[in-house]
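What follows is one structure encoded as structure tokens, with my remarks underneath.
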Amino acid sequence: MKKKNILFILSGSIACFKACGLISQLAKEGCSVKAVCTQNALQFIGLATLEGLTGKPVYYDMFAGREAGTEHISLTKWADITLVCPASGNIINKMAAGIGDDCATTLFLSHDFKKPFVIAPAMNQNIYTNPATQAALAKLKSWGVDVLPTAEGRLACGDAGPGRMLEPAAIRAALEKYL
Ligand SMILES: Cc1cc2nc3c(=O)[nH]c(=O)nc-3n(C[C@H](O)[C@H](O)[C@H](O)COP(=O)(O)O)c2cc1C
């Protein structure tokens, strides 16, 4: 198996802690993982953890701490698979609207649709069932984005319903066809 390059984008959700387990597993399997964070994801997870798990710098600010300065394009070229995990309601709606106002959403705008782009939604059931979010998910699917389902159950806020992010093992299983 060719060693795959995985661009792992995290957005602002409590499910960031689950994403760390998946990053760790993919790295252990021999994948090369580069992490990208929204500014809000950094409220939930630290750079040191992501750098430690991936062994690479984390891309979170388009205008500072850059290597080449054009990572919003070069990371797209580097990636064999792009995964947004967790995908917040906000990032889903921004991607569907074609907004690129940070590293993560600009990488969606520069995505090459010959390669897989997978999202693992994670949110409260009202955010998930909001007509804006459902329309955004439908639009992303129609463009070829692989939108993973959510699980039903107890959410971090104490509510219950759909929107709970799949467990890392289920997301790993969904990636199998690309690996
Ligand atoms: C404690 C806490 C947990 C949150 N969890 C989620 C979540 O699981 N899913 C979601 O869509 N938004 C969640 N939010 C709200 C997002 O973080 C917020 O919409 C933010 O603007 C998302 O930004 P980003 O998509 O750029 O990362 C949470 C907010 C807080 C304070």
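Residue -7 is where the sequence shown starts when you use the numbering used here, and the numbers rise one by one after that.
We treat Cβ as the ideally placed atom computed from N, Cα and C, and that holds for glycine.
Nearest to L67 by alpha-carbon distance, out of M157, A128, N(-3), A114, is N(-3). Distance from the CA of P141 to the CA of Y170, rounded to the nearest whole angstrom, comes to 17 Å. Only residues of its own chain outside the window of five on either side were considered, and among them L45 have a CB closer than 8 Å to the CB of S16, listed in chain order. Membership of G145 in the beta strand (DSSP E) is indicated by the continuous run 143 to 146.
With fewer than 16 other CB atoms across the displayed protein chains lying within 10 angstroms of its CB, T121 is exposed. Looking at the DSSP output, Y51 shares a beta bridge with V28. Burial check for C149: the Cβ neighbour count within 10 Å stays below 16, so the residue is exposed.
V25 and L101 have their C-alpha atoms spaced approximately 20 Å apart. The count of Cβ pairs closer than 8 Å, one atom from the stretch 122 to 135 and one from the stretch 87 to 98, reaches three, so the stretches are in contact. Within the same chain, Cβ atoms closer than 8 Å to the Cβ of H103 are found at T68, T74, F109, the five residues on either side in sequence being excluded. At the C-beta level, C77 and A19 stay beyond 9 Å of one another.
Between V137 and L(-1), the alpha-carbon positions lie close to 15 Å from each other. In the three-state DSSP reduction, G13 falls in the helix class (H, G or I). Its Cα nearest to that of N82, the residue A114 stands out among Y51, A114, W70.
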